[in-house]
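Worksheet: one structure, shown below.
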Amino acid sequence: MEHWFLLIFLVYGGTALASYFLGCFNGAVIVSKYILRDDVRNHGSGNAGLTNFHRTFGGGLTFVVILCDVLKAVAAILISKAVFGLFGGWVGIFGHMMDGALFSKYWAAVFCLLGHMFPCMFQFKGGKGILSGGTVALMIDWRVALVVWGGFLILVILTRYVSLGSVWAGASFPFISLFVFRDPIIFVLALILGGLVVWQHRGNIKRLLSGTESKFSLHKKK
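Counting from 1 along the sequence shown, just add 16 to a position and that's the residue number in this note's numbering.
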């Protein structure tokens, strides 16, 4: 029995740690600090995210940031899915059994976004998780991605407020997850994910309400 609990601890804890440290590889910070030698967190909103990077620096390196934040989410989910897959198709939490492949995606996503938002190697000052979170939505289920990405794109196109689309993505994620999968544990994990995204945008929400939020432009600020 002791060996069984140790194995469970290693599986859950190991995938959580792997996902967190993958999330810590923040593309905006890495590119700006080590390639451009000008930390993006010292500019604009002070956020280590794609939008602030593009507004500050622009250029082709924006695609490097995108690639980094997408690939780390993909890697976290694939690793978690592979590890949980070694122990059968189902996992149990507090006596509740669920699809192991689905659970592994949400489990990895929570810790990957925690790493992205609060990277231990960058003084816990990271991004807001939209690009990595959007990648997670695409890997989970097309219906989840349709609601999250569809609402995001519509709002950004109509208003040019990336933050408004981002808040929609975070707020809608737990509810579409519940609608699609009807699982309480998945809903809790989705609620944590969506809550983290909305919380990281609390400053943007205040600026949206006061009418001082910056609109998105394809051109970087001069």
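Glycine residues also receive a C-beta, built at the ideal position from the N, C-alpha and C atoms.
Leaving aside the five residues before and after residue i along the sequence, list all residues of the same chain whose C-beta is less than 7 angstroms from its C-beta, in chain order.
i	result
K231	R176, Y177
A187	G210, V214
D54	S48
According to DSSP, simplified to helix, strand and coil, what is residue i?
i	result
D54	coil
H112	strand
F25	helix
Terminal residues of the continuous alpha helix (DSSP H) containing residue i?
i	result
P200	200 to 216
G15	Here the chain has residues from 17 to 238 only, and residue 15 is not among them.
L102	It is not in any alpha helix (DSSP H) - L102 carries neither H nor E in the DSSP assignment.
Identify, in the order they occur along the chain, each residue of the same chain with its Cβ nearer than 8 angstroms to the Cβ of residue i, setting aside the five sequence neighbours on each side.
i	result
G219	S61
M155	A89, V90, I93, K121
V196	D157, R159, V160
G30	V99
S96	T31, A34, S35, S120, K121, W123, A124
A153	V160, A161, V164, W165, A185, F189
Answer with buried or exposed for residue i, where buried requires no fewer than 16 other C-beta atoms within 10 angstroms of its C-beta.
i	result
C84	buried
H70	buried
P135	buried
R57	buried
Q139	exposed
L118	buried
If you check the beta carbons only, do residue i and residue j fall under 8 angstroms apart?
i	j	result
V145	M133	According to the sequence provided, residue 145 is Gly. The question's Val does not apply to it. Their beta carbons are under 8 angstroms apart, which means G145 touches M133 by this criterion.
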